[in-house]
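Under numbering that gives the first Met the number 0, residues 0 to 215 are what the sequence shown spells out, in order.
Don't be surprised by glycine CBs; every beta carbon is placed ideally from N, CA and C.
What follows is a set of notes on a single structure, which appears directly below.
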Amino acid sequence: MDQPLTLSVLKNINFELQRSEMVAIVGVSGSGKSTLMHIIGFLDHCTTGHYFFNNQDVSHLTENELAKIRNQKIGFVFQSFFLLPRLNALQNVMLPLSYRGIDRIAAKQQGLAMLERVGVHAFATHYPNQLSGGQQQRVAIARALIGNPELILADEPTGSLDAKTGQEIMDLFLQLNQQEQRTIIIVTHDRDISQQCQRIVTLKDGSIYGNRISMG
Ligand SMILES: Nc1ncnc2c1ncn2[C@@H]1O[C@H](COP(=O)(O)OP(=O)(O)OP(=O)(O)O)[C@@H](O)[C@H]1O
Ligand SMILES: [Mg+2]
């Protein structure tokens with residue numbers, strides 16, 4: 000019988016992230032950036048090797064155990080925002096709290112405060128299609144932050160935005176890192192963005208090709 004096809008995407012990855020760090024992951028398309036982010040964010044398993052999160056080996060946890068850590072500890076931001084179109088900005092931001100069973104009034108207060116934190120308080124009742132790309136990304140960042148995650152993973156967060164708006168979003172990440180000591184990993188193709196991170200990890204063919212402090 001034929002063996003199932005196995006594709007080794009990542010190889011010999013040895014990578015450590017300190018709390019409060021802001022790291023860029025760069026590399027050409029197909030080099031494995033999103034795959035690595037998915038493993039770091041508990042959306043995917045590594046088939047071999049170990050992954051330690053807060054000094055706990057999480058390599059062999061069950062799906063349910065991983066989902067629990069993911070929901071509590073990780074905030075995701077994506078290139079295409081992924082806001083739910085039928086919910087307004089505030090409802091999108093409140094959603095992770097409702098999954099945690101937090102009551103509506105408290106969730107609403109926290110949601111409004113978070114929208115204010117990212118600068119789109121005035122658009123709380125707007126639906127995603129009534130917001131610009133930059134505004135949508137701010138709402139998505141508020142949604143990622145609302146559960147107070149230990150780690151923020153952003154896969155090409157500025158990839159759908161013009162340079163000026165992209166820099167405004169980057170400024171927000173920098174503030175979150177510098178003022179609130181948020182730990183952030185940003186995948187980006189944009190040199191101007193990666194240079195602003197403290198460290199740049201370069202992937203090539205699924206391996207770490209470079210890992211250096213940014214000269215930004
Ligand atoms: N679910 C999957 N099944 C099979 N192959 C996959 C899957 N996901 C990714 N790959 C392959 O793994 C490799 C790395 O993909 P990945 O999406 O991590 O790249 P990337 O660096 O994020 O690229 P991009 O910059 O285009 O987003 C690619 O060769 C891709 O085709
Ligand atoms: Mg990718």
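For the pair of segments examined, the stretch 114 to 127 was found to touch the stretch 78 to 94: the number of CB pairs separated by less than 8 Å reaches three. Excluding sequence positions up to five before and after Tyr50, its CB lies within less than 8 Å of the CB of Ile38, Ile39, Asp56, Val57 and Ser58, all in the same chain and listed in chain order. Any heavy atom of ligand 1 within less than 6 Å of a residue's beta carbon puts that residue on the list, which reads Leu6, Val8, Gly26, Ser28, Gly29, Ser30, Gly31, Lys32, Ser33 and Thr34.
Distance between Lys32 and Arg103, taken at the CA atoms: about 37 Å. Shortest gap from the CB of Glu20 to any heavy atom of ligand 2: 8 Å or more. In the three-state reduction of the DSSP assignment, Asn128 falls in the helix class, which pools H, G and I. Leaving aside the five residues that flank Gly158 on each side, the residues in its chain whose CB is nearer than 6 Å to its CB run, in chain order, Gln78. Scanning Ala162, Ala139 and Thr164 for the CA closest to the CA of Ile151 turns up Ala139.
Taken atom to atom, the span from the alpha-carbon of Phe172 to that of Ala23 is near 12 Å. Pairing Leu111 with Gln17, the inter-Cα distance amounts to about 30 Å.
For Glu155, the number of other beta carbons within 10 angstroms of its own is at least 16, and it is reported as buried. The DSSP-derived three-state label of Asn147 is coil. When the Cα atoms are used, Ser206 and Lys107 turn out to be separated by approximately 43 Å.
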